[in-house]
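Visitor: Next up is a structure, given as structure tokens.
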Amino acid sequence: MPSRSTPENTVDIGRFADRLVAHRVIPSRPARYGEFPKELRPELQDAIQSFGIEKLYSHQSEMAERALLGDNVVITTGTASGKSLGYLIPIIQRILERPESRAILLFPTKALAQDQLRGVLEIVAPLGKMRVQAGVYDGDTPPVERRRIRESCNLILTNPDMLNTAYLPNHGRRGFSHLFRNVDFVVVDEMHSYRGAFGSHFANLMRRFRRICQHYHSNPQFLCSSATIANPVELAEKLFDLPFHLVEEDGSPSAGKDVHFWQPPIVDHDFRRGVVQEMSDFLPELIHQRLRTIAFCRSRKETEVVLKETRDALMDVDGGHNEAHLIAGYRAGYTPVERRAVEKKLMDGDLIGVVSTNALELGVDIGALEVVVQGGFPGTRASFWQQIGRAGRRQSRAQAFVILRMTPMDQYLALDPDWLINKSAEHAVVDRDNLTIQLAHIRSAAAELPLTLDDAALFPDLGETIPLLVEAGELNQSYGTFQWTGNAHPAGDFSLRNVDRERFKIVNRESGDTLSEMNRIQTFHEAHWRAVYLHDGMQYLVEELDLVGHQVLVRPVEQNFYTEPDIRIATQVLNTQDQRELGRTKVWFGDVKVDDTTIGYKMLQFHNHQNLGYESLPSKLTVELETEGTWIAVPQNVAQVLGDEGDDYLRGVLHGIVSCARMQTMAEASDLNATSFHYSEEETGRTLTALVLYDSHPGGLGFAARSFDEIEAILEAASKLVMGCACKSGCPACVGDYHLDRKLVAWALSNLIAESAPPKGRRVRPQPLRQSVISRQSFDQLASVWSEFVLGLPRGGEAGVDFLRQIETVRTHGARLILEVQSPGVISWIRDEATKSRLENLIAHYVNTPEGFSIDAELQEGADASADFRSRKLRRRLEDLHADNESEELGP
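In our numbering, each residue carries its 1-based index in the sequence shown increased by 143.
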């Protein structure tokens, strides 16, 4: 199909020229080269050079060198910079040296694994048939092929979900045991995607994985690639609990990019035209110009609306030509067959454009694109650079358009685009110690291998969990260990992608086809009774929501509107973990209970998005969430000045705070939310108001915790965003509603820190230490040198060493050594005769113990209440899990 674009892919902006408010140039970059590693086998170097690669890029050379030296490495160079060759060189070298060597390559999606296999096979082909074998082993792999891959393949490409449900539970099977015994490398691609719930699950999955490897006496290296984030080494060390070397200087060439910032026009008061309307008008122009385009939307529903409206426009072209077939949609919820078909058509040139969620943000090869259109700032700088990196290659300059939304961050970019282009990336947040997630993986670990005391060093809440699982009949104690007696495969009881494993199927009543799956809260928001559900540009009306059978029945319709839910939030504090002064108020962090209730829905017309009416649901749909939150007391003078309009204005205050908190913590809108609630002050009995940021996942995932640590920076940024808005008095971007006075919201924000007069007219982890060799220790001095003593114990030695390393404080009383622990469950475990004897023998091997020496344990000061609270939380999680399993067994 002929291209009407210039060699530099210039876009004829035409009637949209007045929308562009800023232009930034990402300069071209020449290549920088490094040498092939000196240790590289000549045949491998010849194979690489057979592709015309005479030299490695500097980052490829550095990564290969460090990996060959035995380091764990994380690389953070740009999209399409050749990171994969950097980690494949040491892996293939090891396989040529030791043919039984194995490498597991983990990709966050099936599509990415399939895409990367093509590149792997191309690189190993010149080495000769069968010398280095590779294959994808995932849920779509046929049984015969799975057996071949398990038994013969050196490089196994898969995803974390498969590692969780197939590899680890079956580690003793033929093929899998050989794999774990000989695994030398683990590659983790797109490491930055392992944050939030997915990251917390993945960190615990790696705890289980390394536990199995230790059982088979293997110790693999980890090679990770990531988008640019502020803390790649910190994230890697949290995920794997190992030290890492960072490679970050990009040696690959780039033709550069032009980034255009697009401000929709004002259509009503200070309200700007919506991003959906702007994209639906602009995309047909790009299709007409035959510019290969990818458009990113922020949600599944938005993707479907933009796709439908763009196709509608492409059906109405001069000359009667229908070009609607030249653009397609792509998002989670489409079947694998649907997604593969879109990828192939993009590669073959049968499609000119694709409208996608961030599902295509990752590195699936969909050919050389020329234009990226972003429907708003994607939430993090890392995602911004990943998305615009999908267009343009070394010889082709790309064009990127950021269409700004009516949100605080987007409108701030209109004033200061350099904040996005020139500032460093955000920190990725992961909470590997989430109670709910730990419980799921402890159960899985127990089914894989008996739990020992050393596993308390892996899972901090093992002490509270063990008694509950024994009580539930899932564990049985035997000789100081705990054997699994529950269901055969507990790893199948949860999804790595969510904390909540409940899934609702969206079923087309007429055809019987399953269109998609969603969790409970998504279902209540998007598939409530009479909701219009959008899929692949088609409209479906929800006719039945089966809460017992976890099924939503829909039928195809053609209507001129879609629906938006009306959601109400209620909050209750369960437990306070930390608090501190904040200016003239206080900030707390702890456990909260949040009730998310859908009570009705609005009907919004396609194309102009006008409100056509409101309907209440016949019954409210509520999700109860126990999670972590950070809350701030609203000073009395602020509440008094806001008066009867207080709730509306507090929503305006929260609008800026939660936007900046998400930016600071790299959270998605589905990860971190905000609301306000009333509470009674203990000292005075007064009813006061607090603003709360809370994790939208059971147990919390660390976003609210990081918000507590960064609250001053968050509030400062929120004040700047509100005051810096270009609107006259207040708009949906800065305060969420153009009926609110922006100056009053800004005053309320600033008065959290320092008191001022109201506006006129208003009244009043440390780097791992190297192990040392220890000599026999004096028992009398053991308590004072405990930290140095346990660090000196040999790694990979006797059972109990890992457990002792996580004990912070001990004391001696006569001939007794008393370990101070966090959990009553651990005390019972230590006092078990088999465990007690094992620990006493271990200590006596390295310490001059007195006659009558024995070990005991006591709770650390203050640990009793905390352990009791966490035990009750775990009990509720376990009861919920068993209730879910019983419901599934009963069926719909």
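Every residue, glycine too, gets a C-beta built ideally from N, C-alpha and C. Just so we're clear, the structure is a prediction, and the values are computed from it rather than from any experiment.
1) Where does the unbroken alpha helix (DSSP H) through N347 begin, and where does it stop?
2) DSSP on R167, reduced to helix/strand/coil?
3) Quick check: what's the CA-CA separation for R646 versus A634?
4) Going by other Cβ atoms of all chains shown within 10 Å of its Cβ, with 16 needed for buried, is D689 buried or exposed?
5) Check each candidate in D880, T832, E859 and S397 and name the one with the smallest Cα separation from R172.
6) Using a Cβ-Cβ cut-off of 8 Å (strictly less than) and excluding sequence neighbours within five positions of R1019, which residues of its own chain qualify?
7) Return yes when the Cβ of D411 is within less than 8 Å of the Cβ of Q364, no when it is not.
8) Rounded to a whole number of angstroms, what is the C-alpha to C-alpha distance between V572 and G221?
9) Give the DSSP bridge partners of I546, in chain order.
10) May I have a chain-ordered list of the beta strand (DSSP E) segments no shorter than 3 residues that lie completely inside the segment 635-666?
11) From S369 to G957, what distance separates their C-alpha atoms?
12) Tell me whether P521 is buried or exposed, calling it buried when 16 or more other Cβ atoms sit within 10 Å of its Cβ.
13) So, is H202 buried or exposed, given that buried needs 16 or more other C-beta atoms within 10 angstroms?
14) Quick check on C367: does DSSP put it in helix, strand or coil?
15) In this structure, does DSSP put L690 in helix, strand or coil?
16) By alpha-carbon positions, which one of S980, K979, E788 and P778 ends up nearest to N894?
17) S759 by DSSP, collapsed to three states: which one?
18) Can the beta-carbon of M866 be found closer than 8 Å to that of A897?
19) For L760, which residues in the same chain have their Cβ closer than 7 Å to its Cβ, ignoring the five residues on either side in sequence?
20) Using the beta-carbon count (16 or more within 10 Å), is M273 buried or exposed?
21) On the DSSP bridge list, what partners appear for Q748?
22) May I ask which residues mark the beginning and end of the beta strand (DSSP E) holding W627?
23) Does the distance from the C-beta atom of E513 to that of A541 stay below 8 Å?
24) Could I get the ranges of all uninterrupted alpha helix (DSSP H) runs contained in the segment 975-1003, with 4 residues as the minimum, in chain order?
25) Would you call E951 buried or exposed, if buried means 16 or more other Cβ atoms sit within 10 Å of its Cβ?
26) Between which residues of its own chain and D393 is the CB-CB distance below 7 Å, once the five residues before and five after are set aside?
27) Quick one: what's got a C-beta closer than 8 Å to K444's C-beta in the same chain, skipping five residues either side?
28) What distance in whole Å lies between the Cβ atoms of T818 and L844, which are believed to be in contact at a cut-off of 8 Å?
29) With burial defined as no fewer than 16 other Cβ atoms inside 10 Å of the residue's Cβ, what is the status of A268: buried or exposed?
30) Since A599 and F625 are thought to touch, with beta carbons under 8 Å apart, how far apart are those beta carbons, to the nearest angstrom?
31) Would you kindly work out how many angstroms separate the C-alpha atoms of S193 and L264, rounded to a whole number?
32) Mind reading off the beta-carbon distance from G623 to V964? Whole number of angstroms is fine, and I expect it under 8 Å.
33) What does DSSP give as the partner residue(s) for K400 in the beta ladder?
34) Please give the ranges of any beta strand (DSSP E) in the segment 798-873, keeping only runs that are unbroken, at least 3 residues long and fully inside the region.
35) Would you list the one or two residues that DSSP bridges to Q715?
36) Can you give me the Cβ contacts of R1015 inside the same chain, cut-off strictly under 8 Å, excluding the 5 residues immediately before and after it?
Guide: Let me lay it out:
1) Locating residue 347 in the sequence shown gives position 204, counting from the first residue. Where N347 is concerned, the enclosing alpha helix (DSSP H) stretches over G339 to H358.
2) Numbered from its first residue, the sequence shown carries residue 167 at position 24. The DSSP-derived three-state label of R167 is strand.
3) What you label residue 646 is simply residue 503 of the sequence shown in a count that begins at 1. What you label residue 634 is simply residue 491 of the sequence shown in a count that begins at 1. Taking the straight line from one Cα to the other gives about 16 Å.
4) As a first step, residue 689 is located in the sequence shown; it is residue number 546 there, counting from the start. Exposed is the call here.
5) One-based indexing of the sequence shown puts residue 172 at position 29. Of the listed residues, the one whose Cα sits closest to R172 is S397.
6) On the sequence shown, position 876 is the one that residue 1019 refers to. Excluding sequence neighbours, R1019 sits near E769.
7) For the purposes of this step, residue 364 is taken as residue 221 along the sequence shown, with counting starting at 1. For the purposes of this step, residue 411 is taken as residue 268 along the sequence shown, with counting starting at 1. Cβ atoms of Q364 and D411: not closer than 8 Å.
8) Here the question's residue 572 lines up with position 429 in the sequence shown. Here the question's residue 221 lines up with position 78 in the sequence shown. Cα to Cα, the separation comes out at about 21 Å.
9) Looking up residue 546 in the sequence shown gives position 403. Per DSSP, W405.
10) You should have 647-651 and 657-661.
11) By 1-based counting over the sequence shown, the position of residue 369 is 226. By 1-based counting over the sequence shown, the position of residue 957 is 814. Straight-line Cα distance between these residues: approximately 53 Å.
12) As a first step, residue 521 is located in the sequence shown; it is residue number 378 there, counting from the start. Buried.
13) In the sequence shown, counting from the first residue as 1, residue 202 sits at position 59. Buried, since its Cβ has 16 or more Cβ neighbours within 10 Å.
14) Within the sequence shown, residue 367 is the residue found at index 224, counting from 1. It is a strand residue.
15) Working through the sequence shown from its first residue, we reach residue 690 at position 547. Of the three classes helix, strand and coil, the one that applies to L690 here is coil, per DSSP.
16) Residue mapping note: residue 894 aligns to position 751 of the sequence shown, counting from 1. Ranking the options by Cα distance to N894, first place goes to P778.
17) Counted from its first residue, the sequence shown places residue 759 at position 616. Looking at S759 - three-state DSSP - the assignment turns out to be strand.
18) Here residue 866 refers to the residue found at position 723 when the sequence shown is read from its first residue. Here residue 897 refers to the residue found at position 754 when the sequence shown is read from its first residue. No. Outside cutoff.
19) Locating residue 760 in the sequence shown gives position 617, counting from the first residue. Excluding positions up to five away in sequence, the list reads H671, W672, T741, I742 and G743.
20) On the sequence shown, residue 273 is found 130 positions in, with the first residue counted as 1. Looking at its Cβ environment, which holds fewer than 16 other Cβ atoms inside 10 Å, M273 is exposed.
21) To locate residue 748, count along the sequence shown from 1; it is residue 605. Answer by DSSP bridge pairing, in chain order: F704.
22) On the sequence shown, residue 627 is found 484 positions in, with the first residue counted as 1. Looking at the DSSP string, the run of the beta strand (DSSP E) that includes W627 is T624 to W627.
23) Against the sequence shown, residue 513 aligns to sequence position 370. Against the sequence shown, residue 541 aligns to sequence position 398. Against a cut-off of 8 Å, the Cβ pair of A541 and E513 comes out as a contact.
24) Taking only runs of at least 4 residues, the alpha helix (DSSP H) segments lying wholly in the segment 975-1003 are 976-989.
25) Residue mapping note: residue 951 aligns to position 808 of the sequence shown, counting from 1. Answer is exposed; the Cβ neighbour count stays below 16.
26) Locating residue 393 in the sequence shown gives position 250, counting from the first residue. H202, T220, G221 and S224, listed in sequence order.
27) The count along the sequence shown starts at 1 and reaches residue 444 at position 301. If we look at K444 and ignore the five residues flanking it on each side, its Cβ neighbours are E669, L677 and Y705.
28) Sequence index remark: in the sequence shown, residue 844 carries index 701 (1-based). Sequence index remark: in the sequence shown, residue 818 carries index 675 (1-based). Not really, about 18 Å apart at Cβ, beyond 8 Å.
29) As a first step, residue 268 is located in the sequence shown; it is residue number 125 there, counting from the start. That one is exposed.
30) The residue labelled residue 599 in the question sits at position 456 within the sequence shown. The residue labelled residue 625 in the question sits at position 482 within the sequence shown. Wrong, their Cβ atoms sit about 11 Å apart, outside the cutoff.
31) Position 50 of the sequence shown, counted from the first residue, corresponds to residue 193. Position 121 of the sequence shown, counted from the first residue, corresponds to residue 264. Spanning the two alpha carbons is a distance of roughly 14 Å.
32) The residue labelled residue 623 in the question sits at position 480 within the sequence shown. The residue labelled residue 964 in the question sits at position 821 within the sequence shown. With a beta-carbon spacing of about 16 Å, G623 and V964 fall beyond the 8 Å limit used to define contacts.
33) Along the sequence shown, one-based indexing puts residue 400 at 257. Per DSSP, I169 and A541.
34) 815-823 and 830-838
35) Position 572 of the sequence shown, counted from the start, is the residue given in the question as residue 715. Q715 is bridged to K736.
36) Position 872 of the sequence shown, counted from the start, is the residue given in the question as residue 1015. There are no such residues.
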